[in-house]
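Colleague: Next up is a structure, given as structure tokens.
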Amino acid sequence: MTALLTRPTRTPAPVQRRRWTAARVARLVRGNLLCFVIAAGLFALPLVYMFLQAFKTYPEFLQDPTGMPTSWTLANFGAAWEQGDFGREMLNSLVYAVIPDTVTLILGVFLAFPISRGWFRHSNLLYTFFIFSGFLPGGLIPLFIEARILGLYNSMPGYLVLTSLSGAGFFFFVGYIKGIPREIDEAAVLDGCGYVRFIFRIIIPQMRPALATFAIFGFVHAWNNLILPLVMLSDASLWPVTRGLYSFFGEHTQNWPLIAAGTFIVAAPILVLFVALQRHLVAGVAGGASLGTQGVAAGTAVEQGADR
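Everything in the sequence shown is counted per full-length UniProt numbering, starting at 1 for the first residue and increasing by one.
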């Protein structure tokens with residue numbers, strides 16, 4: 001008999017590469033999952049703890065500050081609503097958040113469009129100046145002096161003027177508009193479309209993800225603002241919800257279950273806003289950030305004619 005000698009078969013190189021890639025992807029997934037669990041724990045556990053304390057009575061909290069509630073109660077939410085006068089303050093905060101946010105977004109678009117198209121001389125220099133100014137801290141004392149001189153102190157219209165002229169989102173707006181084809185501008189000029197109508201009917205609808213993203217950021221910033229209302233609003237009828245929540249903290253004692261309930265009442269509109277606009281959040285940030293580092297190109301002749 002003749003023995004048949006067979007060589008061991010080797011796995012083809014493409015198959016080995018696929019296996020190695022699959023193993024590497026699995027390790028990355030496990031690592032990312034571990035990082036997500038750690039981050040979620042660090043951020044979520046304090047919120048869960050505060051949420052549970054809102055259902056405790058004050059004596060129960062003193063007996064067991066870290067345990068689960070034994071007698072679940074909703075009385076803290078009703079007491080916090082009445083003590084903080086959140087009904088009126090919610091309306092004030094809504095006005096302080098929505099109006100400045102809307103004005104800031106519209107002014108940001110009207111400012112970002114000509115700079116992104118290079119209609120101005122030294123557009124890159126002007127763009128750099130606006131970006132640099134965004135990193136400067138706000139001068140609270142000069143702002144307070146200016147508000148007293150101009151008659152804007154302790155009034156709702158004055159407070160709206162002071163908070164409606166910020167440049168939030170300008171950097172991302174410029175980058176986002178760079179991704180809109182210039183042919184649209186030229187077609188609008190040839191069709192006789194006016195500048196204001198062109199911005200509202202063509203540019204703004206194409207910027208919905210970016211506008212929604214920074215509408216969230218601006219709303220959250222205005223809703224959570226505490227220092228500026230403390231300085232600029234002395235009348236209790238003009239206070240926002242953050243100022244009302246601050247009044248819960250006494251000099252000697254704090255009712256922590258009541259504070260926890262008030263905190264979740266104040267945070268509820270922000271949570272609703274995030275749920276409603278979450279699908280625009282990542283798209284807006286990614287679109288503006290990916291294009292925001294590009295230089296500002298010089299405008300074409302048609303665009304310069306439209307500017308005139």
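Beta carbons are placed, not taken as given, at the ideal position from N, Cα and C, and that holds for glycine.
Going by C-alpha distance, which of Leu273, Leu226, Val174 and Gly244 is nearest Gly262?
Modeller: Taking the sequence shown and counting its residues from 1, the one referred to as residue 262 is at position 262. Distance check between Gly262 and each of Leu273, Leu226, Val174 and Gly244 places Gly244 closest, using alpha-carbon atoms only.
Colleague: Between Thr73, Phe77 and Met50, which has its C-alpha nearest residue 309's C-alpha?
Modeller: What the structure shows of the chain is the stretch from 1 to 308, and residue 309 is not part of that stretch, so it cannot be assessed.
Colleague: Does the structure place the region 99 to 107 close enough to the region 164 to 184 that three or more beta carbon pairs sit under 8 Å?
Modeller: The region 164 to 184 is in contact with the region 99 to 107.
Colleague: For Ala147, which residues of its own chain have a beta-carbon under 8 Å away from its beta-carbon, when the five flanking residues on both sides are left out?
Modeller: Residue numbering aside, residue 147 sits at position 147 when the sequence shown is read from its first letter. Tyr153, Gly158, Leu162 and Met232.
Colleague: Would you decide whether Trp239 is buried or exposed? Buried here means 16 or more other CB atoms lie within 10 Å of its CB.
Modeller: Your numbering for residue 239 matches position 239 in the sequence shown. The residue is buried, with at least 16 neighbouring Cβ atoms inside 10 Å.
Colleague: Classify Phe130 as helix, strand or coil using the three-state DSSP reduction.
Modeller: By 1-based counting over the sequence shown, the position of residue 130 is 130. Residue state, collapsed to three classes: helix.
Colleague: For Leu211, which residues in the same chain have their Cβ closer than 6 Å to its Cβ, ignoring the five residues on either side in sequence?
Modeller: What you label residue 211 is simply residue 211 of the sequence shown in a count that begins at 1. Answer for Leu211: Leu105, listed in chain order.
Colleague: Apart from the five residues on each side of it in sequence, which residues of its chain come closer than 6 Å, Cβ to Cβ, to Val302?
Modeller: Against the sequence shown, residue 302 aligns to sequence position 302. At Val302, the pLDDT of 37 sits below 50, so the modelled position is not reliable and the matter cannot be decided from this model.
Colleague: By a C-beta neighbour count over all protein chains shown, 10 Å radius and 16 as the cutoff for buried, is Gln53 buried or exposed?
Modeller: In the sequence shown, the residue the question calls residue 53 occupies position 53. Looking at its Cβ environment, which holds 16 or more other Cβ atoms inside 10 Å, Gln53 is buried.
Colleague: Which of the three DSSP states is assigned to Ser71 in this structure?
Modeller: To locate residue 71, count along the sequence shown from 1; it is residue 71. It is coil, neither helix nor strand.
Colleague: According to the neighbour-count rule (16 or more other Cβ atoms, all chains shown, within 10 Å of its Cβ), is Ile265 buried or exposed?
Modeller: As a working note, residue 265 is residue 265 in the sequence shown. It is buried - the Cβ of Ile265 has at least 16 other Cβ atoms within 10 Å.
Colleague: Between the alpha carbons of Pro137 and Arg30, how many angstroms are there, rounded?
Modeller: Here residue 137 corresponds to residue number 137 of the sequence shown, with the count starting at 1. Here residue 30 corresponds to residue number 30 of the sequence shown, with the count starting at 1. Distance between the alpha carbons of Pro137 and Arg30 is about 41 Å.
Colleague: Helix, strand or coil: which one does DSSP assign to Asp191?
Modeller: Start at 1 with the first residue of the sequence shown, and residue 191 comes out as number 191. In this structure, Asp191 counts as coil in the three-state DSSP scheme.
Colleague: Give me the Cα-Cα distance between Phe86 and Phe113, rounded to the nearest whole angstrom.
Modeller: Position 86 of the sequence shown, counted from the start, is the residue given in the question as residue 86. Position 113 of the sequence shown, counted from the start, is the residue given in the question as residue 113. Roughly 40 Å between the two C-alpha positions.
Colleague: Where does Gln254 fall in DSSP's three states?
Modeller: As a position in the sequence shown, residue 254 is number 254, starting the count at 1. Reduced to three states, the DSSP call for Gln254 is coil.
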